[in-house]
Amino acid sequence: MRLPSALRGPVEDAIARAVEGRWAERLWARDTTLWSDDVRVQERIAQRLGWLDAPEAFAERAAELTAFGVAAAGEGFERALVCGMGGSSLAPEVLARSLPMSQSGIAVSVLDSTDPEAVRRAAQVTGPASTLYLIASKSGTTTETLAFLAHFWEAAEETHGRAPKSRAGEHFVAITDPGKSLEAIPDVDAFRSVFLNPADVGGRYSALTYVGLVPAALLGLDLDELLRDARLMAERCRTNDATNPGVWLGAALAALARNGRDKLTFVIEPELASLGAWLEQLIAESTGKGGTGVIPVDGESLDGPDAYDTDRVFLRLGRLTGDAWQTETDASLDVLAAAGHPVIDLRLEDGEWLGGEFFRWEFATAICGAALGIDPFDEPNVTESKENTRRVLEAFAENGSLPADAPLAEEGRLRLFGDALLRLSEPGADLVSDLSRHLARARPNGYIAVQAYLAATPERDAALRDLQRLLRDRTGRAVTLGFGPRFLHSTGQLHKGGTPSGCFLQLVAQHPDDLPIPRRRETFGVLIDAQALGDFASLESHDLPVLRIDLSDDPDAGLAELRTALERALS
Numbered sequence: 053m054r055l056p057s058a059l060r061g062p063v064e065d066a067i068a069r070a071v072e073g074r075w076a077e078r079l080w081a082r083d084t085t086l087w088s089d090d091v092r093v094q095e096r097i098a099q100r101l102g103w104l105d106a107p108e109a110f111a112e113r114a115a116e117l118t119a120f121g122v123a124a125a126g127e128g129f130e131r132a133l134v135c136g137m138g139g140s141s142l143a144p145e146v147l148a149r150s151l152p153m154s155q156s157g158i159a160v161s162v163l164d165s166t167d168p169e170a171v172r173r174a175a176q177v178t179g180p181a182s183t184l185y186l187i188a189s190k191s192g193t194t195t196e197t198l199a200f201l202a203h204f205w206e207a208a209e210e211t212h213g214r215a216p217k218s219r220a221g222e223h224f225v226a227i228t229d230p231g232k233s234l235e236a237i238p239d240v241d242a243f244r245s246v247f248l249n250p251a252d253v254g255g256r257y258s259a260l261t262y263v264g265l266v267p268a269a270l271l272g273l274d275l276d277e278l279l280r281d282a283r284l285m286a287e288r289c290r291t292n293d294a295t296n297p298g299v300w301l302g303a304a305l306a307a308l309a310r311n312g313r314d315k316l317t318f319v320i321e322p323e324l325a326s327l328g329a330w331l332e333q334l335i336a337e338s339t340g341k342g343g344t345g346v347i348p349v350d351g352e353s354l355d356g357p358d359a360y361d362t363d364r365v366f367l368r369l370g371r372l373t374g375d376a377w378q379t380e381t382d383a384s385l386d387v388l389a390a391a392g393h394p395v396i397d398l399r400l401e402d403g404e405w406l407g408g409e410f411f412r413w414e415f416a417t418a419i420c421g422a423a424l425g426i427d428p429f430d431e432p433n434v435t436e437s438k439e440n441t442r443r444v445l446e447a448f449a450e451n452g453s454l455p456a457d458a459p460l461a462e463e464g465r466l467r468l469f470g471d472a473l474l475r476l477s478e479p480g481a482d483l484v485s486d487l488s489r490h491l492a493r494a495r496p497n498g499y500i501a502v503q504a505y506l507a508a509t510p511e512r513d514a515a516l517r518d519l520q521r522l523l524r525d526r527t528g529r530a531v532t533l534g535f536g537p538r539f540l541h542s543t544g545q546l547h548k549g550g551t552p553s554g555c556f557l558q559l560v561a562q563h564p565d566d567l568p569i570p571r572r573r574e575t576f577g578v579l580i581d582a583q584a585l586g587d588f589a590s591l592e593s594h595d596l597p598v599l600r601i602d603l604s605d606d607p608d609a610g611l612a613e614l615r616t617a618l619e620r621a622l623s
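For the sequence shown, this note's numbering gives the first residue as 53, with consecutive numbering after it.
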């Protein structure tokens with residue numbers, strides 16, 4: 053860890069405080085006073101610490117899970133589709149993208165978008181004849197997950213027959229909690245398998261439970277090795293000294309955030325890039341509350357010192373490859389460190405790879421929460437957007453349409469819709485002026501969040517990354533990027549409950565080729581639009597600056613027009 057002299061003292065003091073307070077020992081002992089003096093909060097936290105046992109507990113189930121994966125491949129399944137949100141989808145995505153699938157495994161992909169384009173594409177890639185659908189929901193009531201289940205269950209019944217002689221259930225697996233969570237999942241009694249996770253493991257801390265291990269087994273990964281790496285890291289996290297990899301990392305991140313360095317900027321080896329989204333959710337949803345938090349910045353291109361404000365911490369995460377990426381990245385980080393930016397360098401070696409990283413970061417995040425004085429295991433603001441979405445859908449059911457305001461401005465394919473402050477203030481001369489007015493509200497040492505309620509494609513992701521860089525270079529602010537509704541289960545908590553320094557650009561599109569949700573009045577297009585409206589209302593209720601940009605029925609063309617407009621607005 054390379055720190056400027058002004059930050060060495062605060063970081064060293066924070067680590068010393070954690071060591072002298074025996075925080076690692078207290079965490080392992082489940083001493084909930086580590087996070088709060090409130091008895092009610094302590095009782096809640098006591099029900100969220102099961103992740104500590106996962107590397108050991110699930111090692112005993114590795115053989116059973118491996119056999120499950122072998123059987124699925126042997127029966128002719130060619131792919132698996134994880135249908136889930138937040139922690140239920142991000143760990144499987146990391147495993148599928150970061151580790152090589154074995155020759156005997158089956159491909160695993162993830163669906164965590166309600167955009168009808170994304171759902172339709174997933175259905176085309178994963179036809180019901182040879183696909184195993186993993187329905188992953190801790191609560192059993194996740195709106196998006198149940199919509200996915202309804203869609204794919206109907207498709208499976210069309211292929212495999214309907215009840216009472218249907219074989220559709222043989223293509224479905226549930227990963228959920230026991231009790232009411234299990235009971236909430238429709239048709240679960242007909243599923244091929246049900247994996248009941250420990251109820252005391254929160255979604256974002258569930259990577260080393262069935263949530264991550266069932267997809268890993270289907271990929272044909274070595275579960276013994278994955279869990280061994282996690283156990284090795286867990287053992288290292290038991291020491292009460294400054295070498296504890298979870299203690300020093302968590303305490304340092306908290307100290308840096310308290311001293312204005314709250315933008316944790318990931319610099320991750322390209323082959324491991326999907327780990328960034330998992331880290332983003334874990335850190336943002338765990339620490340972003342009570343008006344504080346660490347703000348993860350994932351996917352930003354690395355640049356010189358002049359591109360950044362004085363609120364950054366750079367985290368390099370990669371293996372000792374010796375390739376061009378490592379050489380170039382090391383040189384860039386040397387320049388940033390010399391310019392006074394904190395740089396944390398995590399070099400992955402044997403015994404420290406993915407299973408170990410999952411555990412290291414869970415432990416570090418728990419320690420970071422203690423140092424920040426918050427409960428890292430709750431998500432108090434997540435329900436706000438859910439409740440707003442529910443109200444929007446109720447209005448749709450009653451009126452047959454979604455609420456609609458008059459746009460602030462229109463130009464070409466673009467239409468702008470502003471928050472109350474923008475609507476009540478003096479309007480701009482044109483769309484570019486209104487974009488400029490909105491972005492002028494981005495606070496010094498704040499951040500801009502691009503929230504794209506769009507189906508992700510490689511081309512669209514590249515266009516959005518280009519916007520991310522443009523906004524950073526022209527404003528000097530950190531710029532985060534998330535696809536909706538995925539980010540609602542990730543950074544959404546931070547946006548509403550963390551440091552109130554965000555400026556939000558919400559991107560939406562129209563759905564000319566919409567998709568119905570079986571047995572529900574709303575379509576997938578209506579659902580994702582309601583989610584965008586619900587989160588817009590939640591951000592507005594916190595007096596946060598937010599602008600919704602409708603990209604029309606051609607989001608790719610709309611993004612190109614938006615880039616041109618932003619260049620003019622920021623010139």
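Virtual Cβ for every residue (Gly too), placed ideally from N, Cα, C. Every value quoted in this text rests on a predicted model; they were computed, and no experiment measured them.
Inter-residue CB distance, residue i and residue j (contact presumed, cutoff 8 Å)
i: R256; j: L334; result: 5 Å
i: A381; j: L354; result: Going by the sequence as given, residue 381 is Thr instead of Ala. T381 to L354, Cβ: 7 Å. Contact.
i: L567; j: F576; result: 5 Å
i: V484; j: A617; result: 5 Å
i: V346; j: T317; result: Not a contact, Cβ separation roughly 11 Å.
i: N311; j: P62; result: 5 Å
i: P570; j: A202; result: 4 Å
i: G298; j: I419; result: 6 Å
i: T166; j: L579; result: 5 Å
i: G370; j: E321; result: 3 Å
i: P56; j: G586; result: So it is not a contact: roughly 42 Å between Cβ atoms.
i: Y499; j: S553; result: 6 Å
Residues near residue i in its chain [Cβ-Cβ closer than 6 Å; skip 5 each side]
i: L248; result: P230
i: S233; result: S191, G192
i: A58; result: none
i: A242; result: G221
i: T211; result: P180, A181
i: R69; result: none
Same chain only: Cβ atoms within 8 Å of residue i, ignoring 5 sequence neighbours per side
i: R465; result: L603, S604, D606, A609, G610, E613
i: S88; result: Q94, I97, D427
i: P238; result: L198, L201, A202, W205
i: R615; result: A515, D518, L519, L522
i: V387; result: G356, P357
i: L273; result: L147, L151, M153, S154, G157
i: N440; result: L585, G586, D587, A589, S590
Extent of the continuous alpha helix (DSSP H) run through residue i
i: C289; result: Neither: C289 is in no alpha helix (DSSP H) and is coded neither H nor E.
i: S437; result: 434-451
i: Q520; result: 510-527
i: D545; result: Reading the sequence as shown, one finds Gln at residue 545 and not Asp. Taken as a continuous stretch (DSSP letters only), the alpha helix (DSSP H) holding Q545 covers 544-549.
i: L616; result: The residue you asked about is not Leu; residue 616 is Thr in the sequence shown. Residues 607-621.
i: L579; result: 576-593
i: E145; result: 139-150
i: V71; result: 57-72
i: E222; result: Premise fails: E222 is in no alpha helix (DSSP H) and is neither H nor E.
Beta-carbon proximity check, residue i vs residue j, cutoff 8 Å
i: K315; j: A530; result: yes
i: I158; j: A124; result: yes
i: S338; j: G421; result: yes
i: E550; j: G340; result: A small correction: the amino acid at residue 550 is Gly; Glu does not occupy that position in the sequence shown. In contact: G550 and G340 (Cβ atoms closer than 8 Å).
i: S542; j: G138; result: yes
i: R149; j: S258; result: no
i: R526; j: L622; result: yes
i: A389; j: R54; result: yes
i: L101; j: D252; result: yes
Own chain, CB closer than 7 Å to residue i, minus 5 neighbours either side, in chain order
i: F110; result: L260, T261, L265, L279
i: G403; result: Low confidence applies here, because G403 scores a pLDDT of 45, under 50, leaving its location unreliable; read the following figure in that light. The residues are D281, L284.
i: A472; result: E592
i: R60; result: none
i: L117; result: L265, V266, A269, L275
i: D581; result: L454, V560
Endpoints, the beta strand (DSSP E) within which residue i is located
i: S161; result: 159-163
i: T317; result: 315-320
i: R625; result: The question about residue 625 has no answer, for the chain in this structure spans 53 to 623.
i: P348; result: 347-349
i: D397; result: 395-400
i: V134; result: 131-135
i: L468; result: 466-470
Three or more C-beta pairs below 8 Å linking the segment 352-369 and the segment 172-187: no
Meets three-Cβ-pair contact criterion under 8 Å: the segment 161-169 and the segment 135-147: yes
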